[in-house]
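Step one of this worksheet: look at the structure below.
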Amino acid sequence: MLKIEQLEKLRKAGRVSANAREKGIAMVREGAKLLDIAEEVESYIKSQGCKLAFPCNISINEIAAHYTPSINDKTVFEHGDVVKIDCGAHLDGYVGDTAGTVEVGTKRYTELINASKTARDTVMEFIGETCPINEIGRVVDMTIRSKGYAPIKNLSGHQIKQYNLHAGLSIPNYDDGSTELLQRGMIIACEPFATDGEGLIVSGRPGNICRIIRDRPIADLELQEFFNYIKEEFSSFPFCARSCDDPKATQKVNNLVRHGYLSSYATLIEKKKGCVTQFEHTVYIGGRRGEITTLSDSSC
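Residue numbers for the sequence shown follow the working numbering, so the first one is 642 and each next one is one higher.
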């Protein structure tokens with residue numbers, strides 16, 4: 642169980658993440674730049690006394706996850722785009738991880754958007770201590786399929802620990818047969834993905850999001866200083882060059898990737914290029930009923 646001061650940090654990180662999510666979603670419109678929204682979301686998180694748990698993901702249409710704009714990205718939203726905003730804040734390592742989906746100017750995908758949202762919200766009604774993990778997956782699967790769509794089976798929610806975004810348990814979007822039960826004190830991210838495609842994702846090109854995979858001395862003193870900065874600023878969390886306070890960050894990050902100190906996340910794409918929607922909440926398992934920490938001020 643978390644101590645009260647730890648729980649308050651978790652709650653603040655969740656609330657800040659949720660407000661950032663809503664700010665990002667409200668900015669999505671035809672002709673708006675992805676970069677402007679990512680920077681606004683991240684600036685808000687920092688302005689509230691939190692740090693980034695990961696760069697703001699803005700994934701469009703068949704891209705399910707792991708796209709964040711680079712500093713020179715000119716991409717804008719187009720009419721009919723289906724946009725996932727996935728963002729996270731942390732306060733001393735306690736994380737709020739949340740996502741939502743919005744459509745740009747049309748209503749072609751309203752039911753697909755509602756499928757993932759309803760799946761998430763249905764799980765929120767019963768998630769808590771002793772809840773079987775496969776029951777979460779079964780409900781997500783059943784809810785999405787009842788609306789004529791498929792859950793993405795090889796993307797899942799996850800357990801979160803202090804300074805560890807993906808820790809321990811996976812929270813499936815289908816009944817994977819697991820009989821493990823949620824335990825009091827756990828922090829869980831539940832994130833159903835729905836698609837009108839096959840229900841599987843494949844890896845696309847390496848993206849801009851990175852994480853540290855090896856920590857050993859670097860001969861280049863300038864690069865070593867930058868690496869030390871990354872460890873201090875982002876700890877174990879994913880980051881991108883755009884978030885670094887260094888005009889040469891892109892070059893230095895690419896150098897560290899080439900030499901095996903960092904690993905970059907591939908963009909994740911639906912196998913048959915189906916449209917993907919996503920909704921996510923972080924939940925603290927403090928008792929028989931979980932506490933949703935990623936409710937925005939407007940939804941409380």
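Here a beta-carbon is modelled for each residue, glycine too, at the ideal position from N, C-alpha and C.
Arg670 places its beta carbon less than 8 Å from that of Phe718. Judged by DSSP in its simplified three-state form, Glu671 adopts coil rather than helix or strand.
Taking a cut-off of 8 Å on C-beta distances, the region 861-875 does not touch the region 824-833, as fewer than three cross pairs fall below it.
Per DSSP, reduced to three states, the secondary structure at Tyr685 is helical. Here the C-alpha atom of Val843 lies approximately 25 Å from the C-alpha atom of Leu676. Considered as a whole, the region 860-885 harbours no complete run of any beta strand (DSSP E) with no fewer than 3 residues. Exposure of Phe767 is indicated by the presence of fewer than 16 other C-beta atoms within 10 angstroms of its C-beta.
Asn795 is positioned such that its CB atom lies closer than 8 Å to that of Leu841.
Note on Ser700: 16 or more other CB atoms within 10 angstroms of its CB, so buried under the neighbour-count rule. For Ile686, the closest of Met668, Ala661, Lys758 and Lys912 by C-alpha to C-alpha distance is Ala661.
Distance from Asp887 to Phe868 at the Cβ level is roughly 11 Å; contact not present, criterion being Cβ atoms closer than 8 Å. Sequence-distant Cβ neighbours of His720 in its own chain, meaning closer than 7 Å and more than five residues away, are Glu671, Val745, Gly746 and Thr747. Among the bridge pairs identified by DSSP, Asn698 is matched with Asp727.
Contact between the region 889-898 and the region 731-739 is not established, with fewer than three Cβ pairs separated by less than 8 Å.
Three or more Cβ pairs closer than 8 Å define a contact, and the region 689-704 meets that threshold against the region 868-882.
Going by C-alpha positions, Asp837 is about 7 Å away from Val917. If you look at Gln824, you'll find it isn't in any beta strand (DSSP E); DSSP assigns it neither H nor E. As a beta-bridge residue in DSSP terms, Asn805 pairs with Lys802. Counted as a single uninterrupted DSSP element, the alpha helix (DSSP H) harbouring Val780 occupies residues Ile774 to Ser787. Pairwise C-beta distances place the region 775-790 out of contact with the region 850-860, as fewer than three of them are shorter than 8 Å.
In the structure shown, the three-state DSSP call for Gly737 is strand. Residue environment analysis places Leu806 among the buried positions, since at least 16 neighbouring C-beta atoms fall within 10 angstroms of its C-beta. Asn713 carries a coil assignment under DSSP once its states are collapsed to helix, strand and coil.
Of the other Cβ atoms in all chains shown, 16 or more fall within 10 Å of the Cβ of Lys725; this residue is therefore buried. Contact fails between the region 921-930 and the region 704-715, because fewer than three Cβ pairs, one in each stretch, are under 8 Å apart. In this structure, Lys788 and Phe920 do not form a Cβ contact; the two beta carbons are roughly 13 Å apart against a cut-off of 8 Å. DSSP places Lys664 within a helical segment (H, G or I) once states are collapsed to three.
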